[in-house]
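Here the structure comes first, spelled out in structure tokens, and everything after it is commentary.
Protein chains: 4
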Amino acid sequence: MPAHSDTMTAASILGEVTDFVRQHVITLEQEFLAHGYPGIAESLQALRGRAQQLGLWAPFLPIEHGGMGLALHHFAPISAALGYSPLGHYALNCQAPDAGNMELLCAHGSEQQKERFLLPLIRGETRSCFAMTEPEFAGSNPLHMATIATRDGDDYIINGHKWFTTGADQSAFTIVMAITGVDANPYERASLIIVPAGTPGYEHVRLIPVMGDEGAGPFSHSEVRFNDCRVPRTNRIEAEGAGFRLAQQRLGPGRIHHCMRWIGVCERAFDLMCRRAATRELSPGKTLASRQTIQNWIAESRAEIDAARLLTMDTSKKLDAQGARAARCQISQIKFHVAAVMQRVLDHAIQIHGAAGLCDDSLLSHWFRHERAARIYDGPDEVHKSVVARELLAHYST
Amino acid sequence: MPAHSDTMTAASILGEVTDFVRQHVITLEQEFLAHGYPGIAESLQALRGRAQQLGLWAPFLPIEHGGMGLALHHFAPISAALGYSPLGHYALNCQAPDAGNMELLCAHGSEQQKERFLLPLIRGETRSCFAMTEPEFAGSNPLHMATIATRDGDDYIINGHKWFTTGADQSAFTIVMAITGVDANPYERASLIIVPAGTPGYEHVRLIPVMGDEGAGPFSHSEVRFNDCRVPRTNRIEAEGAGFRLAQQRLGPGRIHHCMRWIGVCERAFDLMCRRAATRELSPGKTLASRQTIQNWIAESRAEIDAARLLTMDTSKKLDAQGARAARCQISQIKFHVAAVMQRVLDHAIQIHGAAGLCDDSLLSHWFRHERAARIYDGPDEVHKSVVARELLAHYST
Amino acid sequence: MPAHSDTMTAASILGEVTDFVRQHVITLEQEFLAHGYPGIAESLQALRGRAQQLGLWAPFLPIEHGGMGLALHHFAPISAALGYSPLGHYALNCQAPDAGNMELLCAHGSEQQKERFLLPLIRGETRSCFAMTEPEFAGSNPLHMATIATRDGDDYIINGHKWFTTGADQSAFTIVMAITGVDANPYERASLIIVPAGTPGYEHVRLIPVMGDEGAGPFSHSEVRFNDCRVPRTNRIEAEGAGFRLAQQRLGPGRIHHCMRWIGVCERAFDLMCRRAATRELSPGKTLASRQTIQNWIAESRAEIDAARLLTMDTSKKLDAQGARAARCQISQIKFHVAAVMQRVLDHAIQIHGAAGLCDDSLLSHWFRHERAARIYDGPDEVHKSVVARELLAHYST
Amino acid sequence: MPAHSDTMTAASILGEVTDFVRQHVITLEQEFLAHGYPGIAESLQALRGRAQQLGLWAPFLPIEHGGMGLALHHFAPISAALGYSPLGHYALNCQAPDAGNMELLCAHGSEQQKERFLLPLIRGETRSCFAMTEPEFAGSNPLHMATIATRDGDDYIINGHKWFTTGADQSAFTIVMAITGVDANPYERASLIIVPAGTPGYEHVRLIPVMGDEGAGPFSHSEVRFNDCRVPRTNRIEAEGAGFRLAQQRLGPGRIHHCMRWIGVCERAFDLMCRRAATRELSPGKTLASRQTIQNWIAESRAEIDAARLLTMDTSKKLDAQGARAARCQISQIKFHVAAVMQRVLDHAIQIHGAAGLCDDSLLSHWFRHERAARIYDGPDEVHKSVVARELLAHYST
């Protein structure tokens, strides 16, 4: 895997990635829509090989770890280019939750953890997952959970129930958030612990069918259980009690990653709606494009997407310059704002396509279903809005 | 199948139907969500038998045809009660497109057509479908189609391509809309022709996967082809050239039927959102119901559903009293208005459920996906709005 | 003032009122828009005389008190017919706040209060006002106020500051809400007390210019002060501490009255937008009505107004049949729902009129400005939504 | 009037302007809201003198013409800072329509026109107006007008009827758009002609009361007539038939100027809503800021304003770099997008203020009323959306 030369500018990388997506990635989409991940697993692996050969790999990772060393605001437009296809991020090994796990282990993993878990992940040989949300507790309150890791000699014994663990299917390991200190202050109760696949007591309960898709491999969400699941203490990432803090650090950039990707989704939906409008005839010689309602949707979508893209770029620059803490309020802003724009754009695109937009051979059906979750995962809209308001209002109280 | 006694009032029927749905129909839902129609086909048939025994059957059909003889505005609240479950209408044999086909054949079928096609349908022994939309043409323009039925002696030879033919899978017959007079005026070009299952040249191309659901039996949409498909002229319903007129007659009440059913969907979604809000804890002792945003959605949904229900009832009364032609503008109004209300209510209900609302064991995921089509089928919103505006504006031009 | 004969049906009254508004009331509108109340005070008084002669007077009041004895659900469509003009309600002496004050005094006034204050009001010889809201406290919390009435012998000495006292200008008396028992439970702290005009210590501070209109007479809102203002105890309405209860009783029907009137506003705006669309040319021979966006607004407005009207009617029937308490949740629903519909309809109507809709010789400018308050007065949207949600959610908690 | 030194950076100018607005301009607002332009005309003139002394004057004009020579994207944030007050732009002599008229005369005026009309305008000694819209024709179609200028020897004789001529009251001259070539192609029919105040036949019909404000001086809109109004041909700006082209050139940047100003309006409204939320008590110790609905509005407003600002900045950069023609589509985008954001933000701000936001001593009442026009003037939303869609769709047709 050749490290990317310094002289290759972000702009030329963006051009290369865009070409790669348009020429190679999107050719797998119809098969993916028809048969899911199993139908393209092999082709996708070949595609990844090709990307690596081109030096297009893990753009967000430091060069010394095998990535392209791009700052977030340089990665942002690339992520949008990848998001143009549902397969783009996986093709370059920067899909959730692996990207976040790589960042986490790069920054906080022990040497042993890096050797065993991180390196194969970076090389694209394995996948991983992150088990945080529990069905019995509101995901919007990350302090509210029941999974517990009890110390037993040099081990932890983990018991708990998690769901919406993205990509758990066929993962090499799970990073689980579990309570290690019941009596600590709420923000220091939990730790992050690596549970390798195959560990006794780790139970993959089921693939959760989500919006009409059972999913498989990286494109899946699972319910898992930990039943007296024993792992060595050395599998804990960083200090005991650091779980909440590390998870927050991981989520900040993660939310920007989602927003960037959504911009790509919007651009594809926009292309699809324009092409449909320009070519679909209502009557001989008269296309959908002649209807003012369609024109309204196209104009409004274009303005909203452009504004959302600029807001996302601006946020990524702030995060690069001042850090995640300083950008926290802006990250929450784009999380709910861009998700709402995407939902509106997808809805318009479907309406313009009529029945064709409902069919599962359409990306619009795929995204309409899968991205309804965007307003829920990584913090529902409502939580982010309260976060933003409280931070802003602090400047106004006497 | 006992005819319903005259003295049984609409109100008491409503009570019975409501009980039947709550006690019997909804018990099949989880199995349906998990395994689709095949998983419950047998239980559903038993349920239909039970409904027939209770005299709850085809409520919209005249008593002499085996129905309950209910006027549309008496059927409306019953349809809402049935719509509370995705299985309700099928359980009482008043699901689309069979209900519309029964009405059509009752009113316009020949004696022979009634004997052979209608009666088994009424008895619930068969199912049927209606093939109108073509993938190559905008469904919003019903005059724009290519399927053609050419006279050949006493037969028609049909050639054409249709899709979104609801319930074609395992249907006993298809009513196809085909051009029989290319040179006639646009509104008299087409005829409706019955094509029995198994007729050579009738090809069931595929089940169309729609919003993550391939579907089966009555809960499916198919692509079909007619390849030199020969049927006797006596299979034509009513006069040659009557197709467009009959289809419009069929669609008017059909749109009210959809709206009534959507009210039921809204009520169920409302129940689900309230129950979730009242019981889901954000933190110990503090439920979602305490959040003002949730309160807003509940209050707005209640007001919108009530208003939509009253508007639908009012329209059904007008149609009963003055006929479909007089109610045409109001029917178009509720078609787009109620669909929009339903989409907003479902969206709020999902947001309140968080990840649980995205799971396919939730009715909310089912309806969010399947009822996105509501703004498209039987005329997209945009067409109905133009119809309404043009009719209203006619009163204002000088 | 002849009592209305029993045989005159609600429908025929509606016809008479509609004619009266269209033939007589609207002829004063342009003068009113140009010069305000002072410009039409005399003509308006003549118009009132004419209405009285026709037996169209105070429709909501019992016949024995000089009204028409109409149930609320019979008054509702009449109120909508009156609301078609901003002058309609005043012409028939059923404008706020006098209508509410008459109801209050009819039901709870002493004989002396009726004789001195109510009868001239019913005869249309005087006007009155109701002083509740205080600038220093959130109007959304009616328990939160500072105006106090201290007992001194047989008198009360009132001190306080009120604003948005509608119609205070030239009023014969003010009904003021004041604290009479600081230590009582919050709902029994206040009393309603009549303060005749001219009482020393009653200060009319100013007409409050609201949305570009200083106002005058019945069409005004004032800031008033009570500075050691002494009135006899016999001016108190009903028992001490009954203020909050009486105010709530007064507000329930009052909110329906507003909603009914807003339906009239919507109908007028709808007429105006349709007429404009049908006649305004974009280019020779091509009117605004040909534009799909305009068609969308007209169709959506029609559906929303019809639904809002039915919801308001349904609520008035419930209030008639079961009382204000039982209808409380529905009253809150229509309060925010109908106000929102009205604001959207007015906004569309203005946009269709372009610059002409912004001019003050247009009713649209008048209502756009004056009815922005509809989402605020008599309880802001947010309060009503919480009321509705809490009441509905009570059925769902375990 | 000292020319601004080159070294003074855009950032430091922005700081100076911001300080000037906060310290000096806003002190005149309450008087302006209470008594209009006449109440502050003198103070405002003094303020202008102070601005000139500080070198803060006509920022958009070239230095050689007495301005600050700022590129559009440097002027944009300054314009937002000025828009924070309704008096900001006038204080620095960059208010509409004078700013556009100065640009027009700088670029296209004859030496004589510059000497007589432009220089006093730049020095702030006079004001001017631009008469284009006619009441009888849709403003959205600039080719559709009736005002005509007939050649008579060395003069034009102008006849016509205009309205919404901003600032005509007390103007030194009017630039009128009139047809000079009935038979030319539609885009070359009109010319721009300067009509000095006092020219016989120029009739100032009336100040048009707009949204509750009759207006005066620069803050007014007039209806004017040209009755056989004779002016020399040398008063024509540029070639005969150039009127439409020049007007379009004038409008492009003009629309960006509006958008920039609206961002300032949004920022002020945002400040006001936050301050109100943080300080207004619902009950003792509990402020509006504690309510989730308020939090939602604040968060959504912040995200929308930031996105709109970035989109406006991006457009101004494009216009600076590539010219008005290349930025045409983006200018139309921000025209409707930013206007919609502003209307939502103002609506939320008013709702948070309750009755206080409706009072005319509140900037919110002022802007809610005056800026409803933003979606209409300089092209209604609907026209801009169609422009955008048609331009974008051109890339998609085969």
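Chains as they are written, first to last, in the working numbering: chain A, 1 to 398; chain B, 399 to 796; chain C, 797 to 1194; chain D, 1195 to 1592. Where a beta carbon is used, it is the ideal one built from N, C-alpha and C, also for glycine. Source: prediction; values computed, not measured.
Beta carbon proximity, residue i to chain B, threshold 8 Å
i	result
Thr-1487/D	yes
Glu-1063/C	no
Cys-329/A	no
9 Å Cβ cut-off: residues of chain A touching residue i
i	result
Asn-1092/C	Gln-292, Thr-293, Asn-296
Residue i - partner residues in DSSP beta bridges
i	result
Met-500/B	Looking at the DSSP assignment, Met-500/B forms no beta bridge with any residue, so it has no partner.
Asn-159/A	Ile-148/A
His-204/A	Val-224/A
Ile-1387/D	Val-1370/D, Arg-1430/D
Asp-1407/D	Val-1404/D
Lys-1082/C	Ser-1079/C
Val-1027/C	Tyr-952/C
Phe-617/B	Ala-614/B
Chain B contact residues for residue i, given Cβ-Cβ distances below 7 Å
i	result
His-144/A	Ser-681
Asp-1110/C	Leu-708
Exposure of residue i, with buried meaning 16 or more beta-carbon neighbours within 10 Å
i	result
Thr-405/B	Caution applies to Thr-405/B, whose pLDDT of 40 falls short of 50 and renders its modelled position unreliable; the value that the coordinates give is listed next. Per the 10 Å Cβ criterion, exposed.
Gly-507/B	buried
Val-182/A	exposed
Thr-823/C	exposed
Asp-759/B	exposed
Arg-1216/D	exposed
Gln-428/B	exposed
Ser-12/A	exposed
Gly-1294/D	buried
Tyr-880/C	buried
Ala-138/A	buried
Test: residue i CB closer than 8 Å to a CB of chain A
i	result
Tyr-1278/D	no
Thr-803/C	Any reading at Thr-803/C needs caution, since the residue's pLDDT is 40, under 50, leaving its predicted position unreliable; the model's value is listed next. So no, Thr-803/C is outside the interface.
Glu-427/B	no
Ser-1580/D	yes
is_contact[residue i, chain C] using C-beta, thresh 8 Å
i	result
His-471/B	no
Contact test: residue i Cβ vs the ligand ADP heavy atom, cutoff 7 Å
i	result
Arg-309/A	The ligand ADP is not among the ligands present in this structure, which contains no ligands whatsoever.
Proximal chain D residues relative to residue i, where beta-carbon distance stays under 9 Å
i	result
Cys-925/C	Near Cys-925/C there are no residues of chain D at all, since even the closest Cβ is about 15 Å away, more than 9 Å.
Contacts of residue i in chain B (Cβ-Cβ under 8 Å)
i	result
Ser-365/A	Val-608, Met-609, Gly-610
Chain D contact residues for residue i, given Cβ-Cβ distances below 8 Å
i	result
Gln-333/A	Ala-1493, Arg-1496, Ala-1497, Asp-1500
Chain D contact for residue i (CB, 8 Å cutoff)
i	result
Ala-76/A	no
Residue i: contacting residues in chain C (beta-carbon distance under 9 Å)
i	result
Glu-1576/D	Arg-1087, Thr-1089, Ile-1090, Gln-1147
Ala-675/B	Ala-1185, Leu-1189, Tyr-1192
Cross-chain neighbours of residue i in chain C, by beta carbon under 8 Å
i	result
Cys-672/B	Leu-1188, Leu-1189, His-1191, Tyr-1192
Problem - Given 8 Å, three or more beta-carbon pairs between the region 1095–1104 of chain C and the region 856–869 of chain C - result: no
Handout entry: Inter-stretch contact (C-beta, 8 Å, three-pair minimum) for the region 1002–1009 of chain C and the region 1077–1085 of chain C
Key = no
Handout entry: Any 3 or more C-beta pairs closer than 8 Å across the region 1179–1191 of chain C and the region 1563–1576 of chain D
Key = no
Handout entry: Cβ pair count under 8 Å reaching 3, the region 193–200 of chain A against the region 244–258 of chain A
Key = no
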